[in-house]
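Asker:
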Amino acid sequence: YRYVLGLYDLLGELTKKYPNIMFEGCSGGGGRYDLGMLYYYPQIWLSDDTDAVERLKIQYGSSFAYPIGSAGAHVSASPNHQTTRKTPFETRATVAMGGTFGYELDLNKVSEKEQEQVKSQVKDYLKYDELIHEGDYYRITSPYDKSRVTAWQVLSKDKSFGLLSAVVQAVEANESNIYIYPRGLEDNAYYDIAGEKRRGKVWMKGGVLIPRIKEEYESFRFEIKRV
């Protein structure tokens, strides 16, 4: 107890002396992921487990107690060094955008195609950064359920702009269409999602169709824009 009080005192002095430095908390993965630390450090490394599929559960669980904008989340190498699982580069980015977003991998081993993807991913995150940190967060489907898709959504306070994200966790032969259902939209306002314009209540009841799945653990990001 005395140690923790001393730690908080030290962090208070540190952040007071360097107010323009953004510190990130970390200790044994998420060992220091608590509200006391969050008072001093606006973001904390959530877990050393960077496997995109495992992160779906980790980030889903942490969202019940902490804002997603505080959760340290990075794109790491594939196969993952802990699970040996292979996941698409774009999926790792989609999951990382459910937190603070960043990269931790050997750039010497990143292909030219992936380098171009990095540019696009960073551009996307900068576009949605304020939304992720300030918007309302919705858990659309749970990674613990039997649904083949884990989905989540962030929506601006005025309900005019949002991002709907999904990761396909299971691929099946002769699969039926998969829909995910956005939430929080204005019933009678029109929204453009994936190039289609419909009323909010239609989107929320009819859902957004996931395009035909091309690979295991494929992900999708749908921009929501009121028109």
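Heads up: the sequence shown begins at 1 in the numbering used here, then just goes up one per residue. For each residue, glycine too, the CB sits at the ideal point set by N, CA and C.
For E13 and G72, what's the separation of their Cα atoms in angstroms?
Answerer: Rounded to the nearest angstrom, the two C-alpha atoms are 23 Å apart.
Asker: Please look up how many angstroms separate the CB atoms of D192 and V227, rounded, as I've assumed it's under 8 Å.
Answerer: D192 to V227, Cβ: 5 Å. Contact.
Asker: Hey, would you say T100 sits closer than 9 Å to Y217, going by beta carbons?
Answerer: No.
Asker: At the 9 Å Cβ level, is A65 part of the contact set with chain D, yes or no?
Answerer: This model lacks chain D altogether, as it is built from one protein chain only.
Asker: Among Q169, F161, Y138, E134, which has the Cα closest to the Cα of S147?
Answerer: Out of Q169, F161, Y138, E134, Q169 has the C-alpha closest to the C-alpha of S147.
Asker: With DSSP as the reference, label R85 as helix, strand or coil.
Answerer: Of the three classes helix, strand and coil, the one that applies to R85 here is coil, per DSSP.
Asker: In three-state DSSP terms, what is I240?
Answerer: As shown, the chain starts at 1 and ends at 227. That puts residue 240 outside it, with no answer to give.
Asker: Based on the DSSP secondary-structure assignment, which residues constitute the bridge partners of F220?
Answerer: Per DSSP, A166.
Asker: Along the chain, where does the beta strand (DSSP E) that runs through L155 open and close?
Answerer: Counting along the chain, the beta strand (DSSP E) containing L155 begins and ends at 149 to 155.
Asker: Would you call the region 155 to 170 and the region 134 to 146 touching, i.e. three or more CB-CB distances under 8 Å?
Answerer: Verdict: yes, contact present.
Asker: Among L209, E130, F222, P143, which residue has its Cα nearest to the Cα of S156?
Answerer: Ranking the options by Cα distance to S156, first place goes to E130.
Asker: Give every residue of the same chain whose Cβ lies closer than 7 Å to the Cβ of S120, excluding the five residues on either side of it in the sequence, and list them in chain order.
Answerer: Excluding residues within five positions, none has a Cβ falling inside 7 Å.
Asker: Does DSSP put A93 in a helix, a strand or coil?
Answerer: The answer is helix: DSSP assigns A93 an H, G or I state.
Asker: Buried or exposed: which applies to D48, given that a residue is buried once 16 or more other Cβ atoms fall within 10 Å of its Cβ?
Answerer: So D48 counts as exposed.
Asker: Check G30 in the structure and name its three-state DSSP category.
Answerer: G30 falls in the strand class under three-state DSSP.
Asker: Please check the pair T83 and E114, which I expect to be a contact at CB under 8 Å, by giving their CB distance rounded to whole angstroms.
Answerer: Incorrect: roughly 20 Å between the Cβ atoms, too far for contact.
Asker: Tell me D192's beta-bridge partners as DSSP assigns them.
Answerer: Bridge partners of D192: K197, K225.
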